[in-house]
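Protein chains in written order, with the numbering used here: chain A, 4 to 333; chain B, 4 to 333. A short write-up of the structure that comes next.
2 protein chains.
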Amino acid sequence: MAVYTEIDDEQLEALLARYDLGTLMSCKGIAEGVENSNYLLVTDRASYILTLYERRVNRDDLPYFLGLMDHLAAKGLPCPTPLHDREGKALNEIAGRPCAIVSFLSGVWPKRPTAKHCHELGIAMAKLHLAGQDFPLQRRNALSVDGWRPLLEACDGRADGVRPGLAGELRREFDALAAAWPETPGRAGSRPLPHGVIHADLFPDNVFFVGESLSGLIDFYFACNDYFAYDLAIALNAWCFEADGAFNVTKGRQLINGYESVRPLTDGEVHTLPLFARGAALRFLLTRLYDWLNQVPGALVKPKDPLEYWKKLTFHRQVLGASAYGIERP
Amino acid sequence: MAVYTEIDDEQLEALLARYDLGTLMSCKGIAEGVENSNYLLVTDRASYILTLYERRVNRDDLPYFLGLMDHLAAKGLPCPTPLHDREGKALNEIAGRPCAIVSFLSGVWPKRPTAKHCHELGIAMAKLHLAGQDFPLQRRNALSVDGWRPLLEACDGRADGVRPGLAGELRREFDALAAAWPETPGRAGSRPLPHGVIHADLFPDNVFFVGESLSGLIDFYFACNDYFAYDLAIALNAWCFEADGAFNVTKGRQLINGYESVRPLTDGEVHTLPLFARGAALRFLLTRLYDWLNQVPGALVKPKDPLEYWKKLTFHRQVLGASAYGIERP
């Protein structure tokens, strides 16, 4: 939760004058989002979210993210629609930060996801994967295998202070995953698994529901081109473990069934799912560990416990096949 | 800016079930308010603010604050109206905290107040003072002279670390103000200045405007019974100094003229205004100094600079009469 950058009246007025949004009735910083500053704007016509992109977002990636939201919203996906100013621009600037205004989505994110929520999520994720197939821009997944090595190296000397023996375990895990990971999707000569645009961060706080109906997918700032099944593996990690660390196979099954009701998984994807689940667990373990070891005094956001993902990784390592996640194949 | 207490789905559902507010469409923590946690609730009928009262608010004071908002809103003042549940209660509980749901007010607080804003504020403050006159509950001002002494004592040993000589200056200032301060309003036998319900914290972030029209007064959690002119003195401190520390007499004049267009000041009030302005400056200097010296590691709120109020106090100490604030009397 955070608002990193305060904006003043003149700055806001100057920005809004570029758009045709009606009269400003309210502007409140909202305590959501870890990477960026977000304001809820209410005008006499509608509600909007103003996002200021802070230093952790690469400015060069913004056309991909905003273009993707435009593309997906046009295909009927319930995601924020970037507003274009009178010159047609979706990307502007305020208080020295790149910024965008997007449509406001109704809904509340589920603090305790149910199996029904997981089923709805699976459906929406598969629709996202299909809707992204003709999106023309490309963005490499900066937090796939290649991106884990520098995080690992940055944490190496201090990981044992978080958990004795962790540094060695992480090195071995990384080596095993790097050796087994399928080739970069799209590389010439490879016969890769199905791939395309993935969200790559579909945690519960990025998915809105009204009652038990999914009403919105937000926060596309990790979206990239990668394997579809890797997106599913991230969601298995993020949605299907209970607070006590147990994997809830009913939730896994509902997530996958929802997904497959829109886009059935190939045999290759089913086979690779346990590997991807391990990889996804390592990815969030490493980024959380890095943030844990590099806490900024006075930071507005409390770092998340990296060891939650150590426990998840341990679960995935003992999995024998995709049936552990609720996939039934004859 | 802060959300101190997170609430989960079940807790929120259980709370909302007590009220008749329609279907929940959105719930976002908002990055406003220093003392409490605030959520913006949107239902299919309207928007509301859910406030969780954190430890700095005395639970015994909540009936005064909520009753006052009810009273003032009923008199047409643009302040939040507490919602009553089906049993008629405005005060409930969530996540172990006392809480209330109030109506949402449109408007944006002015980051750079203008003289027009000050004029509007003066009008609204005088209306508040008049509207509160038949409010039956009483609350002593815990941050008037009696309340300054413990703050002074708590800061005494370390104040010189913030500014050399500050501890002695504060002691002398306190003694001078305590000796000159008018008797407690309402005390038997006294002939006090006009008094009644005051807001006691009308800083710009507690006053909303749509364009230059005042649309809301919020945050009544310092409201109490005290001298009306002391409320005006707080606002002179909070609204009429420029960023460079200079007092803007045009803003002061507009604030007072706005006030007097609704409720003219008595000669006694005009005479006492410089004393009250010094007192108000000392009050905010002391609370800021205390928070500055008692920073909690990992706190979500950055403490405000106490020396801003040292500079204001220095200004008020050299003032010769109320004309310095823009009051013209024949």
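For each residue, glycine too, the CB sits at the ideal point set by N, CA and C.
When burial is assigned at 16 or more other CB atoms within 10 Å of the CB, is residue i buried or exposed?
i                      : result
residue 317 of chain B : exposed
residue 155 of chain B : buried
residue 149 of chain A : exposed
residue 305 of chain A : exposed
residue 228 of chain A : buried
residue 147 of chain B : buried
residue 47 of chain B  : exposed
residue 256 of chain B : buried
residue 245 of chain A : exposed
residue 17 of chain B  : exposed
residue 332 of chain B : exposed
residue 253 of chain A : exposed
residue 160 of chain B : exposed
residue 41 of chain A  : buried
residue 226 of chain B : buried
residue 240 of chain A : buried
residue 164 of chain B : exposed
residue 329 of chain A : buried
What's the gap between the Cα of residue i and the Cα of residue j?
i                      : j                      : result
residue 251 of chain B : residue 8 of chain B   : 39 Å
residue 103 of chain A : residue 113 of chain B : 22 Å
residue 269 of chain A : residue 281 of chain A : 19 Å
residue 4 of chain A   : residue 32 of chain B  : Below a pLDDT of 50, predicted positions are generally treated as unreliable, and residue 4 of chain A, at 41, falls in that range; the measurement from the model is reported next regardless. One C-alpha to the other measures close to 8 Å.
residue 76 of chain B  : residue 61 of chain B  : 23 Å
residue 217 of chain B : residue 118 of chain B : 13 Å
residue 145 of chain B : residue 242 of chain A : 48 Å
residue 116 of chain A : residue 19 of chain B  : 19 Å
residue 326 of chain A : residue 265 of chain A : 20 Å
residue 140 of chain B : residue 131 of chain B : 15 Å
residue 11 of chain A  : residue 98 of chain A  : 8 Å
residue 96 of chain A  : residue 277 of chain A : 43 Å
residue 234 of chain B : residue 108 of chain B : 22 Å
residue 201 of chain B : residue 135 of chain B : 8 Å
residue 279 of chain A : residue 14 of chain B  : 35 Å
residue 101 of chain B : residue 308 of chain A : 29 Å
residue 274 of chain A : residue 237 of chain A : 16 Å
residue 285 of chain A : residue 127 of chain A : 25 Å
residue 55 of chain B  : residue 6 of chain B   : 9 Å
residue 232 of chain B : residue 296 of chain A : 52 Å
residue 43 of chain A  : residue 94 of chain A  : 17 Å
residue 248 of chain B : residue 314 of chain B : 7 Å
residue 129 of chain A : residue 183 of chain A : 25 Å
residue 66 of chain B  : residue 21 of chain B  : 19 Å
residue 259 of chain B : residue 174 of chain B : 30 Å
residue 185 of chain B : residue 262 of chain B : 22 Å
residue 230 of chain B : residue 111 of chain B : 28 Å
residue 138 of chain B : residue 125 of chain B : 21 Å
residue 310 of chain B : residue 35 of chain A  : 32 Å
residue 187 of chain B : residue 299 of chain B : 34 Å
Find the residues of chain C that neighbour residue i, judging by a C-beta separation of less than 8 Å, and give them in chain order.
i                      : result
residue 115 of chain A : In the structure shown, chain C does not exist; the protein chains are A and B.
Which bits of chain A does residue i rub up against, with CB to CB less than 8 Å?
i                      : result
residue 43 of chain B  : 31, 33 and 43
residue 213 of chain B : 26, 27 and 28
Could you tell me which chain B residues have their CB closer than 8 Å to the CB of residue i, listed as they occur along the chain?
i                      : result
residue 110 of chain A : 28 and 29
Name the residue from the options whose alpha carbon lies nearest to the alpha carbon of residue i.
i                      : options                       : result
residue 106 of chain A : A:242, A:326 and A:49         : A:49
residue 70 of chain B  : B:219, B:223 and B:115        : B:223
residue 79 of chain B  : B:174, B:321, B:133 and B:292 : B:133
residue 73 of chain B  : B:204, B:91 and B:59          : B:91
residue 57 of chain B  : B:44, B:67 and B:39           : B:39
residue 1 of chain A   : A:179, A:233, A:284 and A:120 : Any question about residue 1 of chain A goes unanswered here, given that chain A covers just 4 to 333.
residue 81 of chain B  : B:135, B:219, B:128 and B:310 : B:219
residue 59 of chain B  : B:259, B:294 and B:315        : B:294
residue 271 of chain B : B:197, B:239 and B:171        : B:197
residue 84 of chain B  : B:51, B:111, B:63 and B:64    : B:51
residue 312 of chain B : B:24, B:329, B:292 and B:184  : B:292
residue 27 of chain B  : A:328, A:299, A:258 and A:214 : A:214
residue 64 of chain B  : B:142, B:323, B:203 and B:172 : B:142
residue 181 of chain A : A:157, A:122 and A:152        : A:152
residue 206 of chain B : B:323, B:287, B:158 and B:25  : B:287
residue 290 of chain B : B:179, B:319, B:320 and B:204 : B:204
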